[in-house]
Amino acid sequence: MQDAITSVINTADVQGKYLDDNSLEKLRGYFQTGELRVRAAATIAANAATIIKESVAKALLYSDITRPGGNMYTTRRYAACIRDLDYYLRYATYGMLAGDPSILDERVLNGLKETYNSLGVPIGATIQTIQAMKEVTAKLVGSDAGKEMSLYFDYICSGLS
């Protein structure tokens with residue numbers, strides 16, 4: 001996992017250069033949004049269960065997926081879905097705090113699509129719920145932090161597509 005600082009420094013180091021104006025501007029932006037990101041992470045942590053619950057209700061609860069024969073039917077499957085959504089929320093929050101999506105590749109997306117396909121997990125419904133989670137989270141943390149978080153939710157959705 002990298003953060004925005006490490007990413008900028010590693011890029012300059014590989015090139016054997018000092019930080020240029022563009023690199024310094026990236027760092028300024030990262031530091032300027034630090035308090036916003038920390039407040040958003042605290043709000044998300046305090047309300048994670050509510051975010052997951054509302055996201056599932058918004059995207060899946062009244063669809064065929066929760067009825068007998070659906071992929072979330074039975075308590076065990078439903079619990080596995082909730083567990084996965086909690087992972088996505090937590091790791092998207094980590095990425096937002098770090099200002100870098102690399103943790104999502106390392107800890108979430110690496111092999112996930114293939115695993116879901118082999119288990120018959122409906123990727124479309126998963127993406128739909130992550131999009132609902134993006135909306136629910138944005139309402140909770142506010143528009144600026146919501147925009148920041150949306151980058152990481154969209155990154156997960158893109159990796160699953």
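Final position of the sequence shown in full-length UniProt numbering is 161; the numbers increase by one with none missing.
Beta carbons are placed, not taken as given, at the ideal position from N, Cα and C, and that holds for glycine.
It should be emphasised that the depicted structure is a prediction, and the values quoted were computed from it without experimental measurement.
For residue i, which residues from the same chain have a beta carbon less than 7 Å from its beta carbon, with the 5 sequence-adjacent residues on both sides left out?
| i | result |
| --- | --- |
| Y91 | I103, L104, R107, V108 |
If you count every other CB in all the chains shown that lies within 10 Å of the CB of residue i, and 16 or more means buried, which is it?
| i | result |
| --- | --- |
| D13 | exposed |
| R28 | exposed |
| A132 | buried |
| L112 | buried |
| T74 | exposed |
Cα-Cα, which of the options is closest to residue i?
| i | options | result |
| --- | --- | --- |
| A138 | M96, E114, T115 | M96 |
| G124 | L89, L60, Q2, G99 | L60 |
| F153 | L85, D20, D21 | L85 |
| T126 | A42, E148, K147, S158 | S158 |
| S55 | L36, T33, Y88, K26 | Y88 |
| Y155 | T33, V121, Y94, A79 | Y94 |
| P122 | L36, A80, A48, T33 | A80 |
| N22 | S7, M1, L36 | S7 |
| M149 | L36, S63, T115 | L36 |
| N117 | Y78, Q128, S161 | S161 |
| S63 | D20, N47, Y18, Q128 | Q128 |
Does residue i have its Cβ less than 8 Å from a Cβ in chain B?
| i | result |
| --- | --- |
| D21 | This model lacks chain B altogether, as it is built from one protein chain only. |
DSSP three-state call for residue i: helix, strand or coil?
| i | result |
| --- | --- |
| T11 | helix |
| Q131 | helix |
| D20 | coil |
| D154 | helix |
| N110 | coil |
Take residue i and list the residues in its own chain whose beta-carbon comes closer than 6 Å to its own, dropping the five residues that flank it on each side.
| i | result |
| --- | --- |
| A40 | V141, A145 |
| Y30 | A4, G99 |
| Q2 | D100, S102 |
With a threshold of 8 Å on Cβ separation, who are the neighbours of residue i within its own chain once the five nearest residues in sequence on each side are excluded?
| i | result |
| --- | --- |
| I51 | I44, L89, M133, V136, T137, L140 |
| V38 | L97 |
| K53 | none |
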